[in-house]
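Colleague:
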Amino acid sequence: MAKQQSREQGITLRGSAEIVAEFFSYGINSILYQRGIYPAETFTRVQKYGLTMLVTADSELKNYLNNVVGQLKEWLSECLVQRLVVVISSKETTEVLERWQFDIECDKTAKNENAPRQKSQKAIQDEIKSVIRQITATVTFLPLLETTCAFDLLIFTDKDLAVPEKWEESGPQFITNSEEVRLRSFTTTIHKVNSMVAYKKDTLL
Amino acid sequence: MRRRGVNLQSSCGCSCVHFPLLLVYCPSLSVDQLYFSSLALVTQHCVPMAQFLFESDLHGLLKLDAPIPNVPPARWQRKAKDGAAVNTGTASDSTAPSPMKPANRPHSISKTPSKTPGKAGSKSQNTPNKTGGDRYIPNRSAMQMDVANFLLTKEESSEETPTKKEHQKAWAMNLNGFDVEEAKILRLSGKPQNAPEGYQNNLKVLYSQKSTPGSTRKISRYIASVSERILDAPDIRNDYYLNLVDWSSLNFLAVALDKSVYLWNYDSREIIQLMQMENPDDYISSVSWIKEGNYLAIGTSNAEVQLWDIQQKKRLRNMVSHSSRVSSLSWNSYILSSGSRTGHIHHHDVRVAEHHVATLAGHTQEVCGLKWAPDGRYLASGGNDNLVNIWSIAQGDNWSPRPVQTFTQHQGAVKAVAWSPWQSNVLATGGGTSDRHIRIWNVCSGTCLNTVDAQSQVCAVLWSTNYKEIVSGHGFAQNQLVVWKYPSMSKVTELKGHTARVLSLTMSPDGTTVASAAADETLRLWRCFELDPARKKEKESSTKTSIIHQGIR
């Protein structure tokens, strides 16, 4: 009840982290579905942001996503995350084919202040909706992923963060010879998320 | 002069041994020139002499603010000189102020770079004046060598300037996409996530571009690789220029075997001998059925064009207008066109007594390929002169004497000529041994739409009426028939069996069978354009309805 009230009143850091983490959860699911990384029949329909979202029903994948997003939420509420990257790579050659990059700008002053920010949940949801819609629309221009692909999630955090158990450091996994398309961004006034997709240029052209 | 040089040397503190020599070797220099050269010399010590003379002159010329050499001195200069002479008095034998006198020397020795008190013992201190190649930097005196030297040799400060740091940061951001100093990349341990085994991205079905399955079905249709039937054709003339077989709309196959014309009824399989030349030296050179199939035109080696009625088995007419053998014939309604060895094409109106209505003279050699377009608007003729001419139909009574198009691209005799059955202005032609190409033309624009190297003499070419395909007959080395896809001109299949070159091709009225006459004295029938049973039914039903429509009308 208290949470409900605070939401109505405005955005707190904790609430903002929750919103952003939730967006990532749906966003990643949406990418996995739209890009055909997981079979379409393993997704179930869920109403969210005024859209019909597809969320995986694959238990293994669900587990993995919950793990990552849970950890992400924790870091978000501490303003430690700088970026989340969804790396899609070919399963056979392990070559990176696509890279969904979500830059997170954290307003670190929110950590200390107690007063919630004024921005309606509706306005934030509308912004998120347009980002999700853009992810869906990218299928029209992104090159077809010909091979079976695997995906990985990279989280860019602050340097002084202690690496938790089961986590490890990684390289940025760039695409050689890539084309980039910026997508819309949204902000909770505490976290600002800029999205971008990079994909391998078609060498045949 | 010598004394003056010595003077200079002594006044200049360093060992400038070349300098007096220079003055001795240049007695022709005027006083002014000497003055300028010495000025330059004072500023640049110990420079090899040969380059120095030229350089100092050049330098003097390039210095715009310096006095110009080889000109009479200006009035103020002369005045100054006079004054100096008065001042020095008669003791000096020179009227000009001596440049060696310290008062007149504009550059003091201590100002030269070498004399700059630098950091003694520093190994790179003397670098600027040690280099002898001063011709590249002639104006050393104007440079702040010591400052530059200091800046170059001073120890790099340990602390980086803030701009440099920013720069590096920007570079790192650009290259890495993130700040290495301030971020680390984390991922959950384990292999990257991927879909269960055996999953294929089904978007491929939605978004991949592949040729439509319809056309692939057509390519893979079954074509019998062996001939359906082989007929003996004894004594068939092995002459590339003749057109010896034709298939009528009534399903009669006319074959000219040397002196005789035989008719083979495809439906009843019976053979009739229609006629035989009387003169033993003569032979049949061409046969052609009228569209209705009841008359046969026969061209002979003695320049006759005969018209035969099939039902009566009687000759109706004997039209003589040519002067040499008639090797090609083509009908357009009541007009029979005949091409002869002379290169002339005659139009015969078979209805009237004066049958010879026009002569087309567009070839210089034998006309061996002659075909009217299905709509009767154009006549295509191919000749032994490697030309393809397109003639248009008469406007009223006037037969145009000139071809509307002439194609000269073929490198060999053009016997294979065929019009597209579905595009009225598209023509296929094939060249002889020295050409071996099949070309597709748009006769209206005169452009070559496509060309394909058949790699063998093209003796005949036909369009399929059932498929968008072309069949061609070839000579050496394989004597085969080739079915081509149109318009891609990709090979669909090759039909092999003849042991000598194919001379002529003709198609059955239903378009399913191609008859080839070859020099191995056989006639082979190939069912290469047989329709699918389903399509056949469709076609039959459509023709049936059309008959009904006709009946109603």
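The listed protein sequences correspond, in order, to chains A and B.
Under UniProt numbering, the first residue of the first sequence carries the number 1, and numbering increases by one thereafter.
Under UniProt numbering, the first residue of the second sequence carries the number 1, and numbering increases by one thereafter.
Every residue, glycine too, gets a C-beta built ideally from N, C-alpha and C.
#1: Would you kindly work out how many angstroms separate the C-alpha atoms of residue 475 (chain B) and residue 411 (chain B), rounded to a whole number?
#2: Does the count of Cβ pairs from the region 55-72 of chain A and the region 121-135 of chain A closer than 8 Å reach three?
#3: At the level of alpha carbons, what is the spacing between residue 173 (chain B) and residue 15 (chain A)?
#4: So, with DSSP's three-state summary, where would you put residue 295 (chain B)?
#5: Put residue 136 (chain A) into one of helix, strand or coil per three-state DSSP.
#6: CB residue 102 (chain A) to CB residue 181 (chain A), shorter than 9 Å?
#7: Helix, strand or coil: which one does DSSP assign to residue 152 (chain A)?
#8: Is the beta carbon of residue 296 (chain B) closer than 9 Å to that of residue 263 (chain B)?
#9: Determine the contact status of residue 252 (chain B) and residue 308 (chain B), defining contact as a CB-CB distance below 9 Å.
#10: Determine, using beta carbons only, whether residue 533 (chain B) comes closer than 9 Å to chain A.
#11: In chain A, which residues lie less than 7 Å from residue 192 (chain B) when you measure between Cβ atoms?
#12: Determine, using beta-carbon pairs with one atom in the region 453-464 of chain B and one in the region 381-399 of chain B, whether at least three such pairs fall under 8 Å.
#13: By Cβ distance below 6 Å, which residues in the same chain neighbour residue 329 (chain B) in space, the five residues on each side in sequence not counted?
#14: Spell out the partners DSSP gives residue 371 (chain B) in its beta bridges.
#15: For the alpha helix (DSSP H) containing residue 34 (chain A), name the first residue and the last one.
#16: Using beta-carbon positions only, say whether residue 240 (chain B) and residue 503 (chain B) come within less than 9 Å of one another.
#17: Does residue 472 (chain B) come within less than 9 Å of chain A when only Cβ atoms are used?
#18: So with Cβ pairs under 9 Å, would you call residue 195 (chain B) a contact of chain A?
#19: In three-state DSSP terms, what is residue 240 (chain B)?
#20: Would you identify the three-state DSSP class for residue 169 (chain A), choosing helix, strand or coil?
#21: For residue 284 (chain B), which three-state DSSP category applies?
#22: Does the separation of the CB atoms of residue 439 (chain B) and residue 446 (chain B) fall below 9 Å?
#23: Once DSSP output is grouped into helix, strand and coil, what is the label at residue 41 (chain A)?
#24: Buried or exposed, going by whether 16 or more other CB atoms sit within 10 Å of the CB of residue 366 (chain B)?
#25: Ends of the alpha helix (DSSP H) at residue 153 (chain B)?
#26: Does the beta carbon of residue 189 (chain B) come closer than 9 Å to any beta carbon on chain A?
#27: With a Cβ-Cβ cutoff of 9 Å, do residue 449 (chain B) and residue 487 (chain B) count as a contact?
#28: Tell me the start and end of each unbroken alpha helix (DSSP H) in the UniProt repeat "WD" (495-526) of chain B that is at least 4 residues and wholly inside, in chain order.
#29: Could you say which of A:170, A:135 and A:18 lies nearest to residue 36 (chain A) if we only look at CA atoms?
#30: Going by DSSP in three states, residue 300 (chain B) sits in which element: helix, strand or coil?
#31: Within the continuous alpha helix (DSSP H) that includes residue 59 (chain A), where are the two ends?
#32: So residue 54 (chain A) contacts chain B; which residues on that side make the cut at Cβ distance below 7 Å?
#33: Over what stretch of residues does the beta strand (DSSP E) that includes residue 229 (chain B) continue unbroken?
#34: For residue 93 (chain A), collect the residues of the same chain with a Cβ closer than 8 Å to its Cβ; drop the 5 residues on either side in sequence, then sort them by chain order.
#35: At 7 Å on the CB atoms, spell out the chain A contacts of residue 199 (chain B), in chain order.
#36: Under 8 Å from any heavy atom of the ligand ADP, does the C-beta of residue 114 (chain A) make it?
Modeller: Inspection of the coordinates gives the following:
#1: 16 Å
#2: no
#3: Distance between residue 173 (chain B) and residue 15 (chain A), taken at the CA atoms: about 30 Å.
#4: strand
#5: The answer is helix: DSSP assigns residue 136 (chain A) an H, G or I state.
#6: One thing to note: residue 102 (chain A) has its Cβ no nearer than 9 Å to the Cβ of residue 181 (chain A).
#7: strand
#8: yes
#9: no
#10: no
#11: Correct list: 89, 150, 151 and 152.
#12: no
#13: 286, 288, 297, 299 and 338
#14: B:380
#15: 13-34
#16: yes
#17: no
#18: Chain A has a Cβ within less than 9 Å of the Cβ of residue 195 (chain B).
#19: coil
#20: strand
#21: Three-state result, residue 284 (chain B): strand.
#22: no
#23: helix
#24: buried
#25: 145-153
#26: At a cut-off of 9 Å, the C-beta of residue 189 (chain B) has a neighbouring C-beta in chain A.
#27: yes
#28: none
#29: A:135
#30: strand
#31: 59-77
#32: Residues of chain B passing the Cβ test: none, with the nearest at roughly 14 Å.
#33: 229-232
#34: Once the five neighbours on either side are set aside, the close Cβ partners of residue 93 (chain A) are 147.
#35: 39 and 148
#36: The ligand ADP is not part of the structure shown, which contains no ligands of any sort.
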